[in-house]
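Chains as they are written, first to last, in this note's numbering: chain D, 15 to 352; chain L, 15 to 352; chain H, 15 to 352; chain Y, 15 to 352.
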């Protein structure tokens, strides 16, 4: 940590801060610049040290040097992690495709979609049974019945099932039916839930909150990893910006950043990331070209009559064509697709 | 709702959408413009109608006319709501002041702070017992012991106690000790938690998520109101923007907006909203001048040694001086302070 | 335009607005909803009409239906525009590649770079002679000497020259030496400059301002088109968001949006769009996969010693490898590359 | 400057960077931490040093210690600057009020407005003669005729005239008629224009661009100061964020930040900062409570028929009432108003 003193900091203030640094168990190193004095605080990072030092007398700012996450860091584990569930492989050069409807609506809908996405090349089925909805008056999902339908679709197709869990008290139930536990964007910092999924043996798909920094996302992953569950897949699904012609702004540069900072794989969600079905195929291809480890795509047999998110869902035919393009792009950049 | 067709929309497409509107129970009204056709869909808003219509063939966009929240709407209840708990009055021309440390740390800290903020004019004490922290390695709060200390502080000072609840399973416990249940920014869309606090008889302080729109905040309030709890105080604590010289960007225009759209009162949090103690006094005064219904301010006996958020906490002396200024400003704009 | 009245709007207010709409030369259509009244204003859009109606008594909001730009609109010219300069082809299925250093520094630097990017597949050379710099103390470019060096590089390689013009009084000079006039992000709304480049016969590369909406970008293009210059290439170079791990956030969904709304081609700038050389190759590939009409990439013989933007510049070897990948991706998605 | 090496940086890489630092004329100081090595580079800041070092081998990041602006810095001139023009006083405890229409439309409009705002307490008149407009089809201002009308209004009322200049070639003309030259948000980084106004003896009102950081704003001011014009007033008029219920998001914490970092005064523009007339009075009061050095407010005799910005303009009566409130608030916080 670097403690930068103000230009006019007195020698008493500098001395005070030197002692504060030492009292936190860090070794102070004073450097007198031409205009300012800085104190380098050497040692293993202490929690709260930055906050605590920042308010000291004569301090201009405190600059942390080490990332606050540890287990997630690529410095700790240099080789990329591969998450495998049934035929789904995400990470380490494998592109996994998860597809399906926003919500599970009924047997015919989920079974027909499972068959269609499998035929097109997906190896996992998404589908919401517990739906977090912005309005209390919107369709909230079929709950356990939805989970049962997902399990039935898995039985008929062999696809791995990915579904969202929205509360720690539901984790056991959802884990019983599904292969991958999804933590949604709204719950990225629901720490009780993160701890709960961290205590299962199910891989977790952790979605980035729309205003979360990448560091906050990695710290959320750290909550899960810290409980002993190593199988975390990060998911970029767009951030909230001033742009209103898309639902969110989908920053594909997150992929390169994640690959540099962590060994965890990253899955891209162009459906939520754009909010418009017509943009989804090109953004799928773009994500693959940028070497995403996975895609999660909304597909529905009849988007116009979907109970949720129809406007961003692909039809079966659109999804199939998208997969064909993705396959060619994956080959062009050297990614393996099932 | 207004369905705007694309310029080249065919008469078949228009006819299809007219029937879609009708099938949703809305009355279609076709207007042929010089360049485009629009279909006004008249009737009580139907959930999902916008989403569903937007994907129709030849549709350029769908513009909603009615706000999606109902109970929270000022159109439904034109007079402003007043929330009263012990001596705390928030709303309808009353400015309530809630102050105290970020976290409850020990008996001396919380009792001395309670006395100091009461002497300066606060009528409620804030203090975290269950702390949601970005890093799993940060101090997570004293939990039930913290709640007990808050209750003790209330007994000694008469201040109402405001403290955060971070999971639905804790609501009962927290409600036992506190007067107001705070739902934090990270949990603004934790719907299970919103429903749980909606089922208590405790007033709720609902913080805006850093990327939530005002409409999403009001829909989150609607979850609580819809369970039967009418005592919701909204809290603006800043939004995430590109600005990095403040922790968040604190938009005080939210006050005027909230007063126009809802009867619920709005409390401003300049501590989180700026992230720098030196900015807090002026932003308190500004919030009062903009006719906020309440302030929530972090105060600590020794910010440099606080276990959390010291950099944005006022000392007792700073808080007292801030309250004196606020009192003069409140008088200048016609707000009542206890 | 749709004028939405407030719930409690009186019949006098509605009548007043009906007459206001008529007085603007629009035909009013009143629709009485179950909760609100809306007035559809039919006719060719009148400038200022929205602003003027929005402040009327009892008006809740005014929703425009037509895009404010005309010549740029795809509704007016459905087939995509192709911009051709020497061997550079941008648009209508052609991917044009523009590459070169941030600033022209000296003869050897610009000539060697021109040769290297040509060999790798670029058909145009970028290089700044007039540099708009955030700090008055930074290197401001070689000015006319820089232009001469660019012209020399063109003579030796045949590459089209793309360079920035920062003031209307320089347009004539810059147009004398260059093939494409670049209007930088800081000048996107410098209307005097837009008019000046609109009065030349040089194609224009118009960069999006970091907080400009797509509609504002298209209106800036409209200034140029309106002066009679039809050869405008839009350039997406990233928007400013809360993300700090990239210099800007690069939204590739802009490509699909632009292709839907306008016939003008769009060029992607992954160098400024990310601000980190290590992210540029993957984002080039992603832009191609998303069917960009062009790429503009910073390349420098020795990035560590560049006078500007070294941190986001590729070396010759990195650029060559990037081009090879882009070529494969272009083939995968059906784009033509020179 | 602090050069932070990556965890696995080799001793060769560290040695290379030590020499790079020295070659830039800075003195290197190596500190070996428990996990990383950092190199403190001591000395007067060298331009481009940060960029150039950041791309070095094994470098994780480079952290600047000194602000990049100099003349604007409060470290250089600790006492606050006061800008005085006729009866307008802005800064150093004085609150100056500038009011008037968005555009000068005709004699009656500008003269009546000048009289009304003077009577209410303003000491300067705003009014646009050269209007930068997003659309080429919008009213572009009366140009020189508008300037003449402003001069006439000054003659009749004694108010100082503040008007925008949009191009360097117009500076002489505009300076002839006006007392303060306004540089608009769109031109904040039009460096040719900044230099031109820096070469006049007129005070400059420099508006913040909607996505400019405070550091970029201060660097833009530095361009003007560096030409020898010391009378720069900064203007906060809101930043672009995801919020759509206001035109921009107006961050009043900018006031405290500016007062800490620079001696230049700061003027708040609640009209553009909110985009809604109904929010303007409260935000004026809030700006005063936060100790702004000035206000700039749009006032129009008949907002509904204004040629521009009517929706955010106050009527004469609203402005008068707003001024009365501001006067009381100014007294409450110790600001002097004319």
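From the three backbone atoms N, C-alpha and C, an ideal C-beta is built for every residue, glycine too. These numbers were taken from a predicted model, which means no experiment stands behind them.
**Simplified DSSP state of residue 28 of chain L, which is helix, strand or coil** = helix
**Asked** Going by alpha carbons, who is nearest to residue 346 of chain H out of H:312, H:222 and H:305?
**Response** H:305
**Asked** Which residues in chain Y sit within 8 angstroms of residue 21 of chain D, going by Cβ to Cβ distance?
**Response** 89
**Message:** With a threshold of 8 angstroms between beta-carbons, can residue 265 of chain Y be considered close to chain L, or not?
**Reply:** yes
**Asked** To which residues does DSSP link residue 75 of chain Y through a beta bridge?
**Response** Y:18
**Request:** Would you list the residues sitting across from residue 310 of chain H in a DSSP beta bridge?
**Result:** H:112
**Message:** Looking at the secondary structure, which residues open and close the alpha helix (DSSP H) in which residue 269 of chain L lies?
**Reply:** 267 to 275
**Prompt:** What residue ranges within the region 161 to 220 of chain L form continuous beta strand (DSSP E) runs of no fewer than 3 residues, ordered along the chain?
**Reply:** 174 to 178 and 194 to 197
**Message:** Could you check whether the Cβ of residue 240 of chain Y sits closer than 8 angstroms to any Cβ belonging to chain H?
**Reply:** yes
**Asked** Does the Cβ of residue 295 of chain Y have 16 or more other Cβ atoms within 10 Å, making it buried, or fewer, making it exposed?
**Response** buried
**Request:** Determine the closest residue to residue 104 of chain Y out of Y:116, Y:259, Y:162 and Y:307, with distance taken between C-alpha atoms.
**Result:** Y:307
**Request:** Kindly indicate which residue of D:229, D:206 and D:234 has the alpha-carbon position closest to the one of residue 274 of chain D.
**Result:** D:229
**Message:** As a quick exercise: from Y:249, Y:265, Y:260 and Y:264, pick the residue whose alpha carbon is nearest that of residue 280 of chain Y.
**Reply:** Y:249
**Request:** Under 8 angstroms by Cβ, that's how I've got residue 224 of chain D and residue 262 of chain D pegged, so tell me the actual separation to the nearest angstrom.
**Result:** 6 angstroms
**Request:** Specify the secondary structure class of residue 239 of chain L as computed by DSSP and reduced to three states.
**Result:** helix
**Cβ-based contacts, 8 angstroms cut-off: residues of the region 248 to 276 of chain H near chain L** = 254, 255, 256 and 258
**Prompt:** What residues of chain L sit near residue 342 of chain Y, judged by a beta carbon separation below 7 angstroms?
**Reply:** 346
**Message:** Taking the beta carbon of residue 37 of chain L as the centre, do at least 16 other beta carbons fall within 10 Å, making it buried, or is it exposed?
**Reply:** exposed
**Prompt:** On the premise that residue 313 of chain L lies in contact with residue 127 of chain L, defined as a C-beta separation below 8 angstroms, what is that separation, rounded to the nearest angstrom?
**Reply:** 6 angstroms
**Prompt:** What residues from the region 37 to 60 of chain Y come within 7 angstroms of chain D, judged by C-beta to C-beta, listed N to C?
**Reply:** 43, 45, 47, 48, 49, 50, 52, 54, 56, 57 and 58
**Message:** Does the region 157 to 171 of chain L come into contact with the region 88 to 98 of chain D, if we say contact requires no fewer than three beta-carbon pairs (one atom in each stretch) closer than 8 angstroms?
**Reply:** no
**Asked** Using the rule of at least 16 other Cβ atoms within 10 Å of the residue's Cβ for burial, across every protein chain shown, is residue 184 of chain H buried or exposed?
**Response** buried
**Request:** List the residues that DSSP assigns as beta-bridge partners of residue 249 of chain L.
**Result:** L:221 and L:281
**Prompt:** Can residue 155 of chain D and residue 182 of chain D be called in contact, C-beta distance under 8 angstroms?
**Reply:** no
**Message:** Is there a Cβ of chain L sitting closer than 8 angstroms to that of residue 77 of chain Y, yes or no?
**Reply:** no
**Spatial distance of residue 99 of chain Y from residue 332 of chain Y (CA atoms)** = 26 angstroms
**Prompt:** Since residue 53 of chain Y contacts residue 32 of chain Y with CB under 8 angstroms, what's their CB separation in whole angstroms?
**Reply:** 6 angstroms
**Item:** Opening and closing residue of the beta strand (DSSP E) in which residue 140 of chain D lies
**Value:** 138 to 140
**Asked** residue 43 of chain H bridges to which residues according to DSSP?
**Response** H:54
**Asked** According to the neighbour-count rule (16 or more other Cβ atoms, all chains shown, within 10 Å of its Cβ), is residue 133 of chain D buried or exposed?
**Response** exposed
**Closest residue to residue 243 of chain H among H:173, H:210 and H:148 (Cα-Cα distance)** = H:210
**Prompt:** If we ignore side chains and look at the alpha-carbon of each, how far apart do residue 292 of chain L and residue 269 of chain Y end up?
**Reply:** 11 angstroms
**Request:** Would you mind reading off the limits of the beta strand (DSSP E) that contains residue 97 of chain Y?
**Result:** 97 to 99
**Item:** Which listed residue (Y:218, Y:201 and Y:84) has its alpha carbon closest to that of residue 195 of chain Y
**Value:** Y:218
**Prompt:** With a cut-off of 8 angstroms, does the C-beta of residue 28 of chain D fall near any C-beta of chain Y?
**Reply:** no
**Within chain Y, partners of residue 80 of chain D - CB distance below 8 angstroms** = 49 and 50
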